[in-house]
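Okay, so here's the structure we're looking at.
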Amino acid sequence: MKHDHATAVLGTLACVDLDRWPIHEPESDAYARKLAQVRAALNEEGCSRVDGFIRQDYREAFDAEVGGVAPQAHFSTSSINPYFTPDDPSLPESHPRRRYSENTNGFVAMDRFPENGLCLSLYRNPAFQCFIADCLEEDALFTFDDPLAGVVVNVMKEGQQLAWHYDTNEFIVSLLTRKPQEGGAFEYVPDLRRPGDECYEDVEKVLDGKSDRVRQLSLELGDLQIFKGRFALHRVVKGKGERHTAIFGYAKEPGFIGRVQRTMKVHNRVTQAHIDAEARARNDGLAD
Ligand SMILES: [Fe+2]
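Take the sequence shown: its letter number 71 is residue 153 in our numbering, and every next letter is one higher.
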C-alpha cells in the first residue's frame, strides 16, 4: 500500500515504541521483519499480540485518559449462546446453540473521548492505520464516520464476564489500558469452526471445559491485540478489579456508520448521523 508519512504525523506517534515497532519507516527491513511476525500469528491463530506497542512512559497516560471516560460506560447484561441466537428447544439441551451464559458489555462511545487525546490521535494517525492494514494484509483501512463507534472503551467491572462467542466483525484491534489484579484473561480457540461447518461437537467440548485447544493470551499493559474472531470462539473470564480496553474500529470502505438498532443496543442512544445513514440505507433496497 501507499505510505504517505508527512513529518507532521510523527508527533502523534510519540506514544508508540518506534524502536520496537518502526511503523514510521514502513520501507525498512526492521518493519518487514516485525510485520512478518504479526502476519504469521494472524494466519496461524487468528490472533496476534503486538507486544509493548505503547511506550512504557505513556501507559499511565493512556490509563488516565481511558479511566477518565470509563465511568460513562453504558452496560447491558444478557444471556447469550455463542451465536447470539434465540433458544431452539428442538435441539438437545447440551447442544452449543442451547448453552446460555451471562454476558455483560460495557462500552464508552467515541464522543466521550477528549478530542485531541491519545486514543483519538492514535486512531486517526495515518502511519498507525497503514500498519494495521499491513498486518491484516489489506490495501487500505478507513476510520469510521460513525460519531460513536470509531474508538470505544470496553469496561469490565469486577465479576463481569464476556461469555464464549464468535464475532460478527472480521477483525478487532484493541489496546489493554487497565488490567485486573487477578483473572480477566482472554481465552480463545483458533479455527474452531469454518465456513459451512459449525463443528458443534468441538464447541460443546470447549463449553464443557473438556477441550485441549483453548489458549490463553496474556496481555500486558501497552500491548495491542489484533484478533480475528469470526472463526475463533473466545471469551474474557471474570477478574478482580476493572479491565479497560480501547477498541479501534476500521472498515474496508470509507464512510462506515453503524445501524440504528445495533447502536441503540451498544450505546443506548444514536446521533443524527445514524438516523440519516439509516434512511439512505433503506433506500438502497437491501434488507440489512
Ligand atoms: Fe468478541
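Backbone N, C-alpha and C define an ideal beta-carbon position, used for all residues, glycine too.
**Request:** Report yes if the C-beta distance between Val-237 and Cys-201 is below 8 Å; otherwise report no.
**Result:** no
**Asked** Nearest-angstrom Cα distance between Arg-317 and Ala-245?
**Response** 5 Å
**Asked** Where DSSP assigns a beta bridge to Phe-224, which residues make up the other side?
**Response** Ala-333
**Item:** Of the residues Gln-298, Arg-312, Gln-307, Leu-257, the one placed nearest Ala-328, counting alpha carbons only
**Value:** Leu-257
**Asked** Under the rule that 16 or more other beta-carbon atoms within 10 Å means buried, what is Met-192, buried or exposed?
**Response** buried
**Item:** Among Asp-228, Leu-218, Asn-251, nearest to Glu-360 - alpha-carbon criterion
**Value:** Asp-228
**Request:** Could you pull the start and end residues of the beta strand (DSSP E) that Ala-245 belongs to?
**Result:** 244–247
**Message:** For Pro-164, which residues in the same chain have their Cβ closer than 7 Å to its Cβ, ignoring the five residues on either side in sequence?
**Reply:** Pro-178, Trp-246, His-247, Tyr-248, Val-285, Leu-315
**Prompt:** Quick one: Cα of Asn-350 to Cα of Arg-137, how far?
**Reply:** 34 Å
**Pairwise C-alpha distance: Glu-147 and Val-120** = 27 Å
**Spatial neighbours of Ser-300 in its chain, beta-carbon cut-off 8 Å, leaving aside the 5 residues before and after** = Ala-267
**Prompt:** Between Gly-311 and ligand 1, is the CB less than 7 Å from at least one heavy atom?
**Reply:** yes
**Message:** Restricting to Cα atoms, I'd like to know which of Ala-112, Cys-97, Glu-107, Ser-172 is closest to Phe-135.
**Reply:** Cys-97
**Asked** On the three-state DSSP scale, how would you describe Val-120?
**Response** helix
**Prompt:** Going by the beta-carbon positions, is the gap between Pro-262 and Glu-127 smaller than 8 Å?
**Reply:** no
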